[in-house]
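Asks:
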Amino acid sequence: MTEALSPLLNDILKVEGIEEAFSCFLVHRSNSETEKISTWQQRLNAAFRGCTQEQLDVALRYYLTIAAGCSHSRLQLLMELLEASVRNGSIPARKVCEVIITSDILQYVNSHFWIECLNLIKRIIDLVEYKGVREIMKGCCEKAKTLPWRLNSGLQPQTQALLNVAEKIMDRNACLLPGYLLVNELQKAYPDCPHWRLASLFSDYVDSFRACAQMVSIVGQAEMRPVVEHSGCPEHLVNPWKLDPSTLRFSLKGTLPYAPELLEKQTGLLRYVLEQPYSRDMVCGMLGLNKQHKQHCQAIEEQLVELVVLALERTEAEGEEQATQGLWLHLSSQLIYFVLFQFASFPNIVMSLHSRLQGRDLRRGRDQLMWVLLQFISGSIQRNPLSNFLPVLRLYELLFPEQEPPLPVPDFNQPQCTRQMAMTCIWIHLTKKAQAEQANITWPVPSKLRTHHDFLQHLVPPNNAALAMGNDYRIALLCNAYSTNQDYFSKPMAALVETIQGSAKSASPPTAPLSMAVLDSLTVHSKMSLIHSIVTHVIKLAQAKSGMPLSPALVETYSRLLVYTEIESLGIKGFISQLLPQVYKSHAWGTLYTLLEMFSYRIHHIHPHYRVQLLSHLHSLAAVPQANQTQLHLCVESTALRLITGLGSGDVQPELSRFLAEPKTIVSAESEELNRALVLTLARATHVTGTDGSWCHELLATIAQSTPHAWAPPHPRMLPQGAGRILHATRRAQGEQAAAQEGRGRGKQEVGVYE
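For the sequence shown, position 482 matches number 482 in full-length UniProt numbering, and the numbering has no gaps at all.
So this is what it looks like as structure tokens:
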């Protein structure tokens, strides 16, 4: 291709000797010059049109190389010819601009060539599509980096030519490049300005998007904290607080000039939410964690460790362990949940605690810390290898130095004794696991724990002796220490069960439930065994059809156990999916009535998901006719009404929309009152949250089909627009149907008269 351009460029640049000698005296004829330029332009256009894409690139570079060595007047002529070729379509404008801006010969030291090339780009950049303009802007930034940091007056023209191109690209009225793409490019590719002469231009352009950044973000959000509700966390409440799990920064849309505090790591926000009760769902929603996907989250591990250290410091400062009792119970629940679903690693947490506590004298809270670790160890050590729990021994050596005197036996009449003996219980569980994994292994009891260990061994009853629950915590100590050893665990657990169930010898069922202090003194593993025993007992009693009522102590203890979130799988899930169906199947109406009353009046803070699931079960129970069970039927309706009206406005859409495939499961087939309450609940939620949609319309249509009922004329108009329209259409259809039936009746009467 250079062979075709070379003769043309020679003709353009050729100067006759006489013309050169008398250049100061010659006057060129304008017509003659115009004709020559027109001829050159035609030849240049033809040469460019005959090139392939690869040849075009080579030809342009050759053209620029020749132009760079010409005089200023000839350089201007060559640039004008090139511009004309671009404008008549002989060569793409983007190709010319990209070849110029990436050319190695475009150096600021060749001032005329630099200025003329950048002026050409500025004139023809209007013909380039936005993707090409973005590449040109990148090239300008790279060329700006080649300029010296200190600019003398001789470099001002070159700098100004580059600034003119950048200004043309950033001109909103020129519409060369979408503004969002450009500000994104400037902040991502060039967080540091390529040259100080461009700094003012770049900063002004980026600052012009601050208003947009404020519109799509929450002003002051870094200083705000969310309200964590007990009823779970609907998606629309979590979305503003979503964080990137790896960086803990807000999930802000796009690269806009947000306030600097919104771009910082939000460790304080995550720690605050973790501190709140019932915050598990919100933490998972904020970090995008899914229980089905076992994804490890380093941020949760770090913040759990931080919360434990803060709890130790607070316990050390306040002196009384009772003051921080609730905090430690909450931390144990959080630790179990996040480690159980593998969002956090138990060995990593323990090793992080070991490194954080080295060199610190925190003794008052060490028993509470060991109690938290015991909660997880006792419930999971049978399903995991021993190596996962051995780091606890390093933590023990740090917090319980051997040079201190042996730990004294605590007062077993106080609930704190279960915390004070937690480390000994951990040692017993680890020893049992070691014996199961490696036969003929013996771990000598540390001298510091020997007194505690001997005391627990003394509490273990002989083979034929039974245990009875007293007013102290010895039974709880045995359950906590030997929950993984069935030889020792069965008797203390039997004593707990007998306390609330009664025995064959007792004349009346027990009425005093296990206190919350006793339940809080049991490990999660012991509480799971206790609730399993209660459920098994209730099912056997229902299957026996003896008509014997449940003891008040058992019912109240069961109610208290159901609110522990760490035993949710055996607790509320088992209540809905296992216990209620079995009792109904056995036709134990008295027991079913008791369980429904218990759910209505004694169980609070149950997740909305379980409430809606129970509502579906109750509708299926009510659909089966039961003669002479009026009281039970009323109890079922009363419980269903409480479930419907108890749904929070933010819980209605996320929970009820799950049943779109089978909407009839949450709609009563018979009770008009329940469906009216459901309509009003839907209307309330729609009015408060604005979450109207197809899910609501389908549910309302199902209600209208299941139990057609009329509303007073003002009511549909006061409901949200979608609900009012559907109910008005239903009322109109009912009126038309009634009119048609009345017309048919009158017709039959008239026929009878004529006959």
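Where a beta carbon is used, it is the ideal one built from N, C-alpha and C, also for glycine.
Which residues bound the alpha helix (DSSP H) around A344?
Replies: Looking at the DSSP string, A344 is not in any alpha helix (DSSP H), and its letter there is neither H nor E.
Asks: Is it true that the segment 295–303 meets the segment 264–276, where meeting means three or more beta-carbon pairs spaced less than 8 Å apart?
Replies: They touch, by the three-pair rule.
Asks: Counting along the chain, where does the alpha helix (DSSP H) carrying A422 start and finish?
Replies: Residues A422 to E437.
Asks: With DSSP as the reference, please indicate the residues paired to F599 in a beta bridge.
Replies: None, per the DSSP bridge assignment.
Asks: Just to confirm, are Y593 and L530 a CB contact at a threshold of 9 Å?
Replies: No, the pair does not count as a contact, with Cβ atoms beyond the cut-off.
Asks: If you draw a straight line from the C-alpha of L398 to the C-alpha of F389, how long is it?
Replies: If you take the alpha carbons of L398 and F389, they lie about 16 Å apart.
Asks: Using DSSP with H/G/I as helix, E/B as strand and the rest coil, what is F389?
Replies: Correct three-state label for F389: coil.
Asks: Out of curiosity, what's the CA-to-CA distance linking C635 and F489?
Replies: C-alpha separation (whole angstroms): 39 Å.
Asks: Does the contact criterion of 3 or more C-beta pairs under 8 Å hold for the segment 224–231 versus the segment 198–210?
Replies: No: fewer than three Cβ pairs fall under 8 Å.
Asks: Could you have a look at S243 and say whether DSSP puts it in helix, strand or coil?
Replies: This sequence places Leu at residue 243; Ser is not what is there. Strand, per DSSP.
Asks: At 3 residues or longer, what runs of the beta strand (DSSP E) sit wholly inside the segment 133–205?
Replies: You should have found no qualifying run.
Asks: Looking only at C-alpha atoms, which of P708, S559 and L310 sits nearest to M598?
Replies: With distances taken between Cα atoms, M598 lies closest to S559.
Asks: Are any of the Cβ atoms in chain B nearer than 9 Å to that of A542?
Replies: The structure shown contains no chain B, having only a single protein chain.
Asks: Is the Cβ-Cβ distance between L176 and V128 less than 9 Å?
Replies: Against a cut-off of 9 Å, the Cβ pair of V128 and L176 comes out as a contact.
Asks: Kindly indicate which residue of A344, P260, L289 and T324 has the alpha-carbon position closest to the one of Q298.
Replies: Looking at the Cα atoms, A344 is the closest of the given residues.
Asks: Would you kindly work out how many angstroms separate the C-alpha atoms of E670 and S694, rounded to a whole number?
Replies: So the alpha carbons of these two residues sit roughly 24 Å apart.
Asks: Would you call the segment 237–253 and the segment 693–707 in contact, with 3 or more CB pairs under 8 Å?
Replies: Not touching, per the Cβ criterion.
Asks: Quick one: residues in its chain with C-beta nearer than 8 Å to the C-beta of Q358, no 5 flanking neighbours on either side, listed in chain order?
Replies: Excluding positions up to five away in sequence, the list reads L398.
Asks: Give me whichever residues DSSP pairs with F412 in a beta bridge.
Replies: DSSP lists no partner for F412.
Asks: Where does F250 fall in DSSP's three states?
Replies: Strand at F250.
Asks: Using a Cβ-Cβ cutoff of less than 7 Å, which residues in the same chain neighbour L618 once the five nearest sequence positions on both sides are dropped?
Replies: Contacts found: V636, T639 and A640.
Asks: Just to confirm before moving on: does the CB-CB distance between K64 and C117 stay below 9 Å?
Replies: Before going further, note that residue 64 is Leu rather than Lys in the sequence given. Going by C-beta atoms, L64 is nearer than 9 Å to C117.
Asks: Do you know offhand how far G132's Cα is from L256's?
Replies: If I take the Cα positions, the gap works out to 22 Å.
Asks: Taking 9 Å as the threshold (C-beta atoms), are S706 and S668 in contact?
Replies: Yes, the pair counts as a contact, with Cβ atoms nearer than the cut-off.
Asks: Using C-beta distances below 8 Å, list every residue in its chain close to H537, excluding the 5 sequence neighbours before and after it, in chain order.
Replies: Within the same chain, H537 has close Cβ partners V497, Q501 and L554.
Asks: Can you say whether A683 is buried or exposed, counting buried as having 16 or more other CB atoms within 10 angstroms of its CB?
Replies: Classification for A683: buried.
Asks: Does DSSP put Y108 in a helix, a strand or coil?
Replies: Coil.
Asks: Quick check on R360: buried or exposed, where buried means 16 or more other Cβ atoms within 10 Å of its Cβ?
Replies: Result: exposed.
Asks: Is it buried or exposed, V109, if we count other Cβ atoms within 10 angstroms and call 16 or more buried?
Replies: Result: exposed.
Asks: Three Cβ pairs or more, each shorter than 8 Å: is that satisfied between the segment 305–320 and the segment 540–552?
Replies: The segment 305–320 vs the segment 540–552: no contact.
Asks: Using 8 Å as the Cβ pair cut-off and three pairs as the minimum, do the segment 333–350 and the segment 369–386 touch?
Replies: With the cut-off at 8 Å, the segment 333–350 and the segment 369–386 touch.
Asks: Look at H607 and I567 and say whether their C-beta atoms are less than 9 Å apart.
Replies: Taking 9 Å as the Cβ cut-off, H607 and I567 do not qualify as a contacting pair.
Asks: Below 8 Å CB to CB, which residues in the same chain sit around E98 once its five sequence neighbours on both sides are set aside?
Replies: For E98, where only same-chain residues beyond five positions count, the Cβ hits under 8 Å are G132, E135, I136 and G139.
Asks: Taking the alpha-carbon positions, what's the N184 to D651 distance?
Replies: If I take the Cα positions, the gap works out to 37 Å.
Asks: Would you report the Cα separation of L621 and V518, rounded to the nearest angstrom?
Replies: So the alpha carbons of these two residues sit roughly 36 Å apart.
Asks: Could you check the C-alpha separation between L307 and T451 for me, to the nearest Å?
Replies: Cα-Cα distance, rounded: 31 Å.
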